[in-house]
Amino acid sequence: MDSTSVNVWNSHASAIETLYALLVVRGNGLVFEKYFQSADSATFFEQRSVTKSIVGALTGVALYDHTIHNVSDKLSRYFPKYYEDISDNRARQITLKHLLTMSAGYAWNEVADRLYGNYVSFAVHLPMDTVPGRVFNYSSAVPHIISGILSDRTDNKLISWSRNKFFSKLGIDSMHWQADPQGIPLGGTGLYLRARDMAKIGMTYLDGGCYDGQRVFSDLWPDISFTDVLDDNHAYGHLWWLDEAMDYPAAYAFGYGGQLIYVVPALDIVVIATADPHVNYTVSDQVLTSVRQIIHNDILPSVIP
Numbered sequence: 005m006d007s008t009s010v011n012v013w014n015s016h017a018s019a020i021e022t023l024y025a026l027l028v029v030r031g032n033g034l035v036f037e038k039y040f041q042s043a044d045s046a047t048f049f050e051q052r053s054v055t056k057s058i059v060g061a062l063t064g065v066a067l068y069d070h071t072i073h074n075v076s077d078k079l080s081r082y083f084p085k086y087y088e089d090i091s092d093n094r095a096r097q098i099t100l101k102h103l104l105t106m107s108a109g110y111a112w113n114e115v116a117d118r119l120y121g122n123y124v125s126f127a128v129h130l131p132m133d134t135v136p137g138r139v140f141n142y143s144s145a146v147p148h149i150i151s152g153i154l155s156d157r158t159d160n161k162l163i164s165w166s167r168n169k170f171f172s173k174l175g176i177d178s179m180h181w182q183a184d185p186q187g188i189p190l191g192g193t194g195l196y197l198r199a200r201d202m203a204k205i206g207m208t209y210l211d212g213g214c215y216d217g218q219r220v221f222s223d224l225w226p227d228i229s230f231t232d233v234l235d236d237n238h239a240y241g242h243l244w245w246l247d248e249a250m251d252y253p254a255a256y257a258f259g260y261g262g263q264l265i266y267v268v269p270a271l272d273i274v275v276i277a278t279a280d281p282h283v284n285y286t287v288s289d290q291v292l293t294s295v296r297q298i299i300h301n302d303i304l305p306s307v308i309p
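Using the working numbering, the letters of the sequence shown map in sequence onto residues 5 to 309.
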């Protein structure tokens, strides 16, 4: 990477006041790494909703090792006791795929609504708004149901299971993950990772489900994750947002404030950003816009032949 390009990336990144880190990976190599505001490579960053996409990755791991069966499985298969008092037939049609694509049909306002009490039970008992599979509705409740499924299928040892089956295989030796009152890791937020470890997750998607030659999920899972299944304009796959970067398909995990794992498979590139998560909605949106501009206008043009 030529020094002029790197200087431009650094200059534009430095202009984002709340940015903590910007990393660029090409192939298997880290080609750019810059930290701001006293952060460094050892800093653990609050992932916010990037956690959702990592729950998506863990779902791929669980499918690969048969911890769970199929994305077509109905939710009632995993939580029959919760469904004993659910009478709405629409709720009985919800599948794991509906959860992964944010199309379960629950009534939920992401800004105003919160989980209470037994978080998984509360989420499963949310009132229905639409038939599953038809309408996109972004919700932190939905990936927490998935976390509940994974916890149940791993004998309530999801964190140790995820370390053994996923994180350790990527060389991620430390992470922090907040849990609900029942001890189930939060599915919608709550994970803390270092920036280089975020990059490793993106690299696993680049390499078709492998990291450093070791398979962690099916080679089909990245394509499934990065495919929009709803006929709408939300550009969302399986717990990953979808984008187009200079006519190349891209996907990204985004967390409030500016946490980002941005993957461009055709160009073999992963871009990582972390930023202050304790900002208002306007600043959060501005950071995402600014980082995407750096990716689209600075980083990608410098690597395209």
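Don't be surprised by glycine CBs; every beta carbon is placed ideally from N, CA and C.
On a predicted model such as this, the values are computed, not experimentally measured, just so you know.
Of the residues assessed, V146 falls on the buried side of the cut-off, its CB having 16 or more other CB atoms within 10 angstroms.
In this structure Q51 is not in contact with Y215, their Cβ atoms being roughly 18 angstroms apart against a cut-off of 8 angstroms.
DSSP places W245 inside the beta strand (DSSP E), whose first and last residues are W245 to A249.
Beta-bridge partners assigned by DSSP to M179: none are found.
Contact between R81 and I90 fails: their C-beta atoms lie close to 14 angstroms from each other, not under 8 angstroms. Sorting A25, F36 and I20 by C-alpha distance to the C-alpha of S7 places F36 at the top.
Taken through DSSP and simplified to helix, strand or coil, K85 comes out as coil. Fully contained in the region 49–101 are the following alpha helix (DSSP H) runs of length 4 or more, in chain order: 54–68 and 79–82. Q218 and K173 have their C-alpha atoms some 7 angstroms from each other. According to the DSSP secondary-structure assignment, M132 is paired through a beta bridge with Y110.
Counting along the chain, the unbroken alpha helix (DSSP H) around L162 starts and ends at L162 to S166.
One alpha carbon belongs to A66, the other to G152, and they sit about 13 angstroms apart.
For T208, the three-state secondary structure derived from DSSP is helix.
Of I276, H242, G212 and S294, the smallest CA-CA separation from A270 is found for G212. Here DSSP, grouped into helix, strand and coil, assigns P185 to coil. For the options L103, A17 and I308, the alpha carbon positioned closest to that of I150 is the one of L103.
Residue range L23 to R30 is occupied by the beta strand (DSSP E) that includes A25.
Contact between R94 and V135 holds: CB atoms are separated by about 6 angstroms, below the 8 angstroms threshold.
By the neighbour-count criterion, in which a residue is buried when 16 or more other Cβ atoms sit within 10 angstroms of its Cβ, K204 is buried. Distances from the alpha-carbon of P226 to those of D235, V115 and Y209 put Y209 closest.
Taking C-beta separations shorter than 7 angstroms and ignoring five residues to either side along the sequence, the partners of V267 in its chain run G206, Y209, L210, A254, A255, Y256 and V274, following chain order. With a threshold of 16 other beta carbon atoms within 10 Å, P189 meets it and is buried. Runs of the alpha helix (DSSP H) lying entirely within the region 252–289 and spanning at least 4 residues: none are present.
CA-to-CA, the gap between S57 and I265 works out to about 9 angstroms. By the Cβ-count criterion, T286 is exposed, with fewer than 16 other Cβ atoms from all chains shown falling within 10 Å of its own Cβ.
Contact check for S9 against S288 fails: the beta carbons are separated by 7 angstroms or more. Membership of V35 in the beta strand (DSSP E) is indicated by the continuous run G33 to Y39. Ranked by Cα distance from Y260, the options F140, V12, T22 and I298 are led by T22.
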